[in-house]
Every structure is written in C-alpha cells, then in structure tokens.
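Residue 3 is where the sequence shown starts when you use the numbering used here, and the numbers rise one by one after that.
Glycine is no exception: its CB is placed at the ideal position from the N, C-alpha and C atoms.
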Amino acid sequence: MSASDLPKPLQTLLTISKLNCVKINLSKQDNDFLPTTSSQVGGMGYLPIGETYPTKADGTPLVLLAQLNFRQLGAVVEMSQLSYPLPKQGILQIYIDGQDDNYLYGADFDNQLPSKTYQVRFWQDDSLPINADELTQIAERLQGFGIDKLPFDFRHQYAMDFALTSQSCTTTCHEYNHISQKIDELAGVDVWDYLEEELKIDDADEVLMSYDELANSGGHQILGYPIFTQTDPREYEGSLQEHILLLQIDTDDENDIIWGDSGVANFFIHPKDLKEQNFSKLIYNWDCY
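Here it is in structure tokens:
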C-alpha cells in the first residue's frame, strides 16, 4: 500500500509528523576484544586511562551494548538538520548485564534509570589515552564467562554506519497523542475505531500496518520516533512524558540481534538533559511479543 492509498487523515499524519533522524546500519565483525573509539554494538569500546570499567555490585564486569562516537556521527550527518542537539564530540556508552539468568539484559522495569546492571558512561574528551591494561584484563574475564544471555552474539561486534533520514510517528508512540489533535478526524478518538466504525474499513489492522511501514520508525536509529511490541512506557509514567527517544536498537535477524521474542530496546532522555549532555538519567526500556 502506498501513502496515497491510505485514508486522508493518515496521509496527513505522515506529513505533519515527519522529522529528521539518524538511521543506523550495522555490519557484523568478529569480536577482537580490542579497545576502540568507534561507534558499535558489542566489543570492548573505550576507557580513558585512570578510569575503571563498569561492574555489578559483586565486581562482575558488564558487557558493552552500544557505543556512540558523536564526532564520528557528525562527520557523516549534518547535525543541524536534527530536531534536537547532539554533542559534537564525545563517546556515549551503554553497558548491560550479560549474565542475567532471567534474560532481562540488565533492565529493571521498576527502575529504568542506570543501576548496577545497566550503566551509562559519557566521555566528553575522547582524545584521552586508553586504559589498555584495564581493558585487557576485563576482556580476559569476559571471555572466560561463556556469556550467552545477551540480545546479541557476544562473539561478534557490530560496526555502525549512519545516514540522515526522515520518518513519521506511529500510532502507538506517545507523540501520536499530541500530533493527532491537529487532525480533526483523529482528535480525541481511537484511530482503530475511526477506521473501522467511521470509515467502515474491513481490516483496520492491515491499514495500520501499512501506515507503520510507511512511517519508517523501525530498525536501529537515533532521535526518531520509537516503536514497541507492547506499550510506550511514557504513556503511563508521568515523569517520562516529555522524554524523547535517544537510541533504538531493534531486533535484527541479519546480525543475530534479538530482544526476547523479536522485541526492541529504547533509550529515552529528557531534552534538557540532552542539551546539557547529561546522560546519567537515560531511561532503558525493552519489550517483546
């Protein structure tokens, strides 16, 4: 189904909600357990000399989920075209528990802020010498654990390539509640009910699936509209309703990345914190079918 085949209100929604964001393409490589400043999923990442590696309360090392090098991102994406300001330099890292028998991947759904099993680091100065000795010791420990409780294959790391793109909001993300009020037919009504009851469409689900495909909100991305398999956590948590998506890592069959049963992970930040480059309150959520 093309955009012109959608009901007019959904065509309007595609248009007025469009924003620029960064799509991330991943390429799988063997995990060489060597330190790097590059943007990637998995691997060892960057650690400045004099700093210590993130661990759980018992001293067990966490596993690097994602590393974003903003200088690298800015070299290929015109940052001024994005809806929110990203740092011009610095390295953001997200670490999670790789040995969680409950397969929660370090998440605590009662407290989605950084904790002992989910930690965030931001190194504003990415030119500091690397703490190679510390990272070598940690790499040896991690390899000895036989880690297999991650959403990705620990034996691999995944280089990130960036591309500026545009997308529209889905009908299941929190932003839809505000944007739909600008469209008379959708204001204050459930979109599924509108399609079925007002327009008498036999298969409203198929129409909404086609809309979501055109919205282009799936996949790995930065600063776009999030997708979910369940519910947007911002819907029922008042303190999160001004938060925006910073990073999304989706299930990716080609790269053997899977969140539970084909789920997706989202990391949310308040715009004020992003402007101040304060990532200490980054919200971690993932869900699956």
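Distance CB(residue i)-CB(residue j) smaller than 8 Å
{"i": "Asp128", "j": "Tyr227", "result": "no"}
{"i": "Met162", "j": "Leu28", "result": "yes"}
{"i": "Phe124", "j": "Phe281", "result": "yes"}
{"i": "Gln183", "j": "Cys23", "result": "no"}
{"i": "Ile251", "j": "Ala59", "result": "no"}
Inter-residue CB distance, residue i and residue j (contact presumed, cutoff 8 Å)
{"i": "Ile229", "j": "Val266", "result": "6 Å"}
{"i": "Val122", "j": "Leu284", "result": "5 Å"}
{"i": "His176", "j": "Asp234", "result": "5 Å"}
{"i": "Tyr107", "j": "Ile96", "result": "So it is not a contact: roughly 11 Å between Cβ atoms."}
{"i": "Glu136", "j": "Thr54", "result": "7 Å"}
{"i": "Leu21", "j": "Gly100", "result": "Wrong, their Cβ atoms sit about 34 Å apart, outside the cutoff."}
{"i": "Ser41", "j": "Leu70", "result": "5 Å"}
{"i": "Tyr196", "j": "Glu187", "result": "6 Å"}
{"i": "Pro87", "j": "Lys277", "result": "6 Å"}
{"i": "Lys30", "j": "Tyr160", "result": "5 Å"}
Separation of residue j from residue i, as counted between CA atoms
{"i": "Thr119", "j": "Ala109", "result": "7 Å"}
{"i": "Asp275", "j": "His180", "result": "22 Å"}
{"i": "Gly221", "j": "Pro9", "result": "25 Å"}
{"i": "Gly92", "j": "Lys202", "result": "52 Å"}
{"i": "Gly240", "j": "Gln114", "result": "14 Å"}
{"i": "Thr172", "j": "Thr138", "result": "43 Å"}
{"i": "Ile140", "j": "Ala134", "result": "10 Å"}
{"i": "Asp258", "j": "Asp155", "result": "7 Å"}
{"i": "Trp288", "j": "Phe72", "result": "24 Å"}
{"i": "Tyr291", "j": "Ala206", "result": "20 Å"}
{"i": "Asp254", "j": "Ile260", "result": "6 Å"}
{"i": "Thr167", "j": "Leu75", "result": "14 Å"}
{"i": "Lys90", "j": "Thr57", "result": "28 Å"}
{"i": "Glu244", "j": "Met3", "result": "33 Å"}
{"i": "Gly61", "j": "Gly148", "result": "17 Å"}
{"i": "Val191", "j": "Leu84", "result": "30 Å"}
{"i": "Asp102", "j": "Ser19", "result": "38 Å"}
{"i": "Asn268", "j": "Glu200", "result": "34 Å"}
Residue of the options minimising C-alpha distance to residue i
{"i": "Thr80", "options": "Lys25, Asp186, Gln13 and Pro235", "result": "According to the sequence shown, residue 80 is Glu rather than Thr. Among Lys25, Asp186, Gln13 and Pro235, the Cα nearest to that of Glu80 belongs to Lys25."}
{"i": "Leu144", "options": "Asn104, Leu75, Arg157 and Tyr238", "result": "Arg157"}
{"i": "Leu130", "options": "Ile51, Glu142, Leu28 and Lys30", "result": "Ile51"}
{"i": "His272", "options": "Leu247, Gly262 and Ile260", "result": "Leu247"}
{"i": "Gly44", "options": "Leu197, Leu64 and Asn268", "result": "Leu64"}
{"i": "Leu94", "options": "Gln279, Cys290, Tyr286 and Tyr291", "result": "Gln279"}
{"i": "Leu12", "options": "Trp194, Leu242 and Tyr286", "result": "Trp194"}
{"i": "Asp7", "options": "Leu216, Asp263, Asp252 and Phe269", "result": "Leu216"}
{"i": "Arg236", "options": "Ser82, Tyr105 and Phe270", "result": "Phe270"}
{"i": "Gln126", "options": "Gly262, Ser82, Glu256 and Thr39", "result": "Thr39"}
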